[in-house]
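S.K.:
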Amino acid sequence: MAEGVGVWQATAENPWPRPWPESVPLTPCAALPLTEPLRERLRQIREHQMAEHRAGRPQLVCGVFYDEEVVCLRAGGGHAAYLGTDGRVHYENYGEGFDKVVLTDPRDVASTIVKCSADIGVPELIDLLPARPANGFVCRLCEGSRWESPASTGDPDGRPWCCRRCRGLGWTLAEPSAAADSDAFPPR
3 MAEGVGVWQA TAENPWPRPW PESVPLTPCA ALPLTEPLRE RLRQIREHQM AEHRAGRPQL
63 VCGVFYDEEV VCLRAGGGHA AYLGTDGRVH YENYGEGFDK VVLTDPRDVA STIVKCSADI
123 GVPELIDLLP ARPANGFVCR LCEGSRWESP ASTGDPDGRP WCCRRCRGLG WTLAEPSAAA
183 DSDAFPPR
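In this text, residue positions in the sequence shown follow this note's numbering: the first is 3, and each later residue adds one.
Below is the structure:
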């Protein structure tokens, strides 16, 4: 971006605008709007997870699992993510001793749900993520799919990755430059 000018210009060295310009505020994400049937399904998953925990599989769960009505989305490597039946996403970095937090940044909520919802058998949670706002643009990397293709990531197992640009939202707040179709942009 040129000094003092609010318009980003593509260059051969930097063909992509910042996906989240600091000058454009990002609205915090409220709790996911869970339906009652989806809440009941999460409660059933929670009952199963609690039974597995009591049987010693897994041996580790965080305090939020006992303190809140949540399902474990993922735990391991010092980090854990949980989805409450109230639609809030909880995150805990237990490996470094940090307190749990409720995620409100839509990028954090989206990346957690996109990466983990299929793991608990509820991929339709992705449909509850924040819709693209009027000032948003379809993500140029994943083209709105929320996923990067294995061909673009080079994943050796051929798995898609949660988009690293939009972090699973399918949109960004970076306006595509008029030069988007120029030779300054690498082919996809």
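All C-beta atoms in this analysis are idealised placements derived from N, C-alpha and C, irrespective of residue type, glycine included.
What three-state label does DSSP hand Val103 in the structure shown?
M.R.: If you number the sequence shown from 1, residue 103 lands on position 101. Val103: strand per DSSP, three-state reduction.
S.K.: Helix or strand or just coil, what does DSSP make of Gly172?
M.R.: The count along the sequence shown starts at 1 and reaches residue 172 at position 170. The answer is coil: DSSP assigns Gly172 none of H, G, I, E or B.
S.K.: Should the region 144 to 161 be regarded as contacting the region 65 to 73, the criterion being three or more beta carbon pairs within less than 8 Å?
M.R.: The region 144 to 161 vs the region 65 to 73: no contact.
S.K.: With Leu75 as the anchor, note down where its alpha helix (DSSP H) starts and where it stops.
M.R.: The residue you call residue 75 lines up with position 73 of the sequence shown. Note, Leu75: premise wrong, no alpha helix (DSSP H); beta strand (DSSP E) at Val72 to Gly78.
S.K.: With DSSP collapsed to three states, give me the class of Gly86.
M.R.: Counting from one through the sequence shown, the residue named residue 86 turns up at place 84. Here Gly86 sits in strand by DSSP.
S.K.: For Leu131 and Arg167, which I take to be in contact (beta-carbon distance under 8 Å), what is that distance rounded to the nearest angstrom?
M.R.: What you label residue 131 is simply residue 129 of the sequence shown in a count that begins at 1. What you label residue 167 is simply residue 165 of the sequence shown in a count that begins at 1. Rounded, the Cβ-Cβ distance is 15 Å, inconsistent with contact.
S.K.: What's the gap between the Cα of Arg45 and the Cα of Ala83?
M.R.: Residue mapping note: residue 45 aligns to position 43 of the sequence shown, counting from 1. Residue mapping note: residue 83 aligns to position 81 of the sequence shown, counting from 1. One C-alpha to the other measures close to 16 Å.
S.K.: When you compare only the Cα positions, how much space is there between Val2 and Ser25?
M.R.: Any question about residue 2 goes unanswered here, given that the chain covers just 3 to 190.
S.K.: Beta-carbon within less than 8 Å of Gly6's beta-carbon, same chain only, minus the 5 sequence neighbours each way: which residues are those?
M.R.: Working through the sequence shown from its first residue, we reach residue 6 at position 4. Confidence in Gly6 is poor, its pLDDT being 36 and thus under 50, which makes the residue's placement unreliable; the coordinate value appears in the next sentence. Excluding positions up to five away in sequence, the list is empty.
S.K.: With a cut-off of 8 Å on the beta carbons, I'd call Pro108 and Cys165 a contact; round off their distance for me.
M.R.: In the sequence shown, residue 108 corresponds to position 106, counting from 1. In the sequence shown, residue 165 corresponds to position 163, counting from 1. That belief does not hold up - the Cβ atoms of Pro108 and Cys165 are roughly 13 Å apart, past 8 Å.
S.K.: Rounded to whole angstroms, what is the Cα-Cα separation between Arg169 and Ile115?
M.R.: Mapped onto the sequence shown, residue 169 falls at position 167. Mapped onto the sequence shown, residue 115 falls at position 113. Rounded to the nearest angstrom, the two C-alpha atoms are 10 Å apart.
S.K.: Compare the C-alpha of Tyr96 against each of Asp157, Gly79, Ala153 and Ser119 and name the closest.
M.R.: Sequence index remark: in the sequence shown, residue 96 carries index 94 (1-based). Of Asp157, Gly79, Ala153 and Ser119, the residue nearest in Cα terms is Gly79.
S.K.: Taking buried to mean at least 16 other C-beta atoms within 10 Å of its own C-beta, is Arg48 buried or exposed?
M.R.: What you label residue 48 is simply residue 46 of the sequence shown in a count that begins at 1. Buried is the call here.
S.K.: Is the beta carbon of Leu36 sitting closer than 8 Å to the one on Thr87?
M.R.: Looking up residue 36 in the sequence shown gives position 34. Looking up residue 87 in the sequence shown gives position 85. Cβ atoms of Leu36 and Thr87: closer than 8 Å.
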